[in-house]
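Numbering (the working numbering), first residue to last: 20 to 487.
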Amino acid sequence: MAKRHPSFVCQECGAVYNRWKGKCEACGGWNTIAEETGSASRMAGPVSTRPSRAKGRIFPLEGLSGETKEAPRTPSGIAELDRVTGGGFVHGSIILLGGDPGIGKSTLLMQASAALANRGHRVAYISGEEAVAQVRLRAERLGLGQAPVELASETNVEDIIATLSQGRPPALAIIDSIQTMWTETVESAPGTVTQVRGSAQALIRFAKTTGTAVILVGHVTKDGQIAGPRVVEHMVDAVVSFEGDTGHHFRILRAVKNRFGPTDEIGVFEMSDQGLREVPNPSELFLAGRDMATPGTAVFAGMEGTRPLLVEIQALVAPSSLGTPRRAVVGWDQSRLSMVLAVLEAHGGLKLGMHDVYLNVAGGLRITEPAADLAAAAALVSSLSGNPLPPDTVYFGEMGLSGAIRPVAQEQARLKEAAKLGFSSAVAPAARVESKSSKAERLPLAASSIGHITDLVAGIAARRRKAS
Ligand code: TYD
Ligand code: MG
């Protein structure tokens, strides 16, 4: 084996150095490098326990065509969770579940464990953070006290694997959390990247050899990175993040990486006093309590994976008392807002240089689609002009730097969802409505087409003339 010498490992990205540095050259983090004893460099690659041989073993090489089987899965029975994993936990796969502390990861996993155990599967829940009594108390509070989940409070990976290897291998094993685990093969303290990586490697090997689906819980730092566990992101089959605002009770489960399923699906939950409740129709939830008479709110007909999702976008444009006006955004991309504001100034004739601008996506949702440009622009123009938008209209469309409104994917699904929720018209890209004009009668609601941002500004200004 390699000679034991101290090495210096970045606790954010796992880069290894032979002397201490203030700044990690790999990820740019300051003060993230810590000394770790034990041969950390050995952990950088897969650990080989086989004796070295002079000659390699010959293995068969196969062609692309051949027999394939759909990966066998165990559905959790929680529809919103299965939607994100792609239909259930794939046997022998490893999922990393990340999220802020207190967001509800342990609650979700306890509910999934109980659902699976109640249907006769062997499920083990290993908590490294809470005592057995605490986990039991939570299960009782969730009304799951009778579920036959095997419970333990343990942090040593070798002991965990030895225990789980007894008898029939579990269908699902939960490790809550990976940051608390330690393995004897590594000498560093628990919580260091070397330990996290070593523990994850041992658990991955266990999953692959036994067919048990393993879920690793990972805590996230303030800036949204899965700290420490980031180094295992490339080793696991799926990375799922549990998001939400602790001030709101909505929780969004989102696949960031998935070797066995889609990465654009979301699952929506609501935190209640009896745990997480599934939200099968999130649009209703995100539009509840909408203030329709106030200027500055627009309903965006968005898509999350295959599911249409209607959400309210709120804007406030107010005269600024500051030399440099404020631009604040919650739930959307800051640079996307800057772009929309620049286009509104350059091509829409709006004067925003002396105004503070605030943009908020209602309900704590985070939108990543460029199709939200038009809805954001409509909310901004409405707030600046003081004209409320028609309450029965949805908006979607991507905005180019020239001010042109470009078509977006899946218009039919967006329009159908809007019609289902009682909206009677849509403001959408022109290219779409014209290209489908032959099928216009099949549109589920009246869509007015917009080709350029000036049409939007003129349309909203015209509402004032009509009203006055
Ligand atoms: P938890 O699952 O412990 O979060 P994590 O494992 O991600 O750190 O959830 C903790 C929060 O959830 C806590 O603030 C209380 C709240 N909660 C409820 O509102 N209802 C419930 O039924 C449960 C079990 C928790
Ligand atoms: Mg927890």
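Ideal Cβ placement from N, Cα and C applies to all residues, glycine included.
Bounds of the alpha helix (DSSP H) holding S357 are Q353 to H366. By the criterion of at least three beta-carbon pairs nearer than 8 Å, the segment 402-420 is not in contact with the segment 294-302.
When the Cα atoms are used, N137 and V236 turn out to be separated by approximately 22 Å.
In this chain, P299 is not harboured by any alpha helix (DSSP H), its DSSP state being neither H nor E. Here DSSP, grouped into helix, strand and coil, assigns K40 to coil.
Beta-bridge analysis with DSSP links T316 to Q333. Distances taken from the Cβ of P120 to the heavy atoms of the ligand TYD include one shorter than 7 Å. Between W201 and V176 a beta carbon distance of about 7 Å is seen, short of the 8 Å cut, so the two are scored as contacting. Leaving aside the five residues that flank H366 on each side, the residues in its chain whose CB is nearer than 8 Å to its CB run, in chain order, S421, G422, H471, I472 and T473.
The beta carbon of L304 sits closer than 8 Å to those of F269, V287, E289, V298 and G382, all from its chain and outside the five residues before and after it, given in chain order. Proximity of the segment 263-278 to the segment 104-124 meets the contact definition, three or more beta-carbon pairs being nearer than 8 Å.
The DSSP-derived three-state label of A396 is helix. Taking C-beta atoms as the reference points, V380 and V349 count as a pair closer than 8 Å. Annotated as proximal: G117 and V239, with beta-carbon spacing under 8 Å.
Per DSSP, reduced to three states, the secondary structure at K276 is strand.
Measuring C-alpha to C-alpha distances from T93 to each of A192, A432 and Y36 identifies A192 as the nearest. Cβ-Cβ separation between A131 and L100: approximately 6 Å, consistent with a contact (criterion under 8 Å). A distance below 8 Å separates the beta carbons of I179 and E173. About 6 Å separates the beta carbon of S260 from that of V275, a gap short enough to meet the 8 Å contact definition. Annotated as distal: A45 and A53, with beta-carbon spacing of 8 Å or more.
Three or more beta-carbon pairs separated by less than 8 Å link the segment 396-404 to the segment 329-339, which places the two stretches in contact. It is roughly 41 Å from the alpha-carbon of I194 to the alpha-carbon of R346. If you check the C-beta of D195 against the ligand MG, you find a heavy atom less than 7 Å away. Annotation for L183: the continuous alpha helix (DSSP H) segment containing it runs V176 to L183.
The DSSP assignment places 176-183 as complete runs of the alpha helix (DSSP H) inside the segment 153-221, in order along the chain (cut-off: 4 residues). The ligand MG never approaches S260 closely enough for any of its heavy atoms to be under 7 Å from the residue's Cβ. For T387, the closest C-alpha among the options Y377, S354 and R155 is that of S354. S468 and S402 have their alpha carbons spaced roughly 22 Å apart. Around the Cβ of S207, a 10 Å sphere holds 16 or more other Cβ atoms; the residue is buried. Listed in chain order, the non-local C-beta contacts of S404 below 8 Å within the same chain comprise P314, I479, A480 and R483, local neighbours out to five positions each way being set aside. As the crow flies, the alpha-carbon of L295 is around 7 Å from that of L127.
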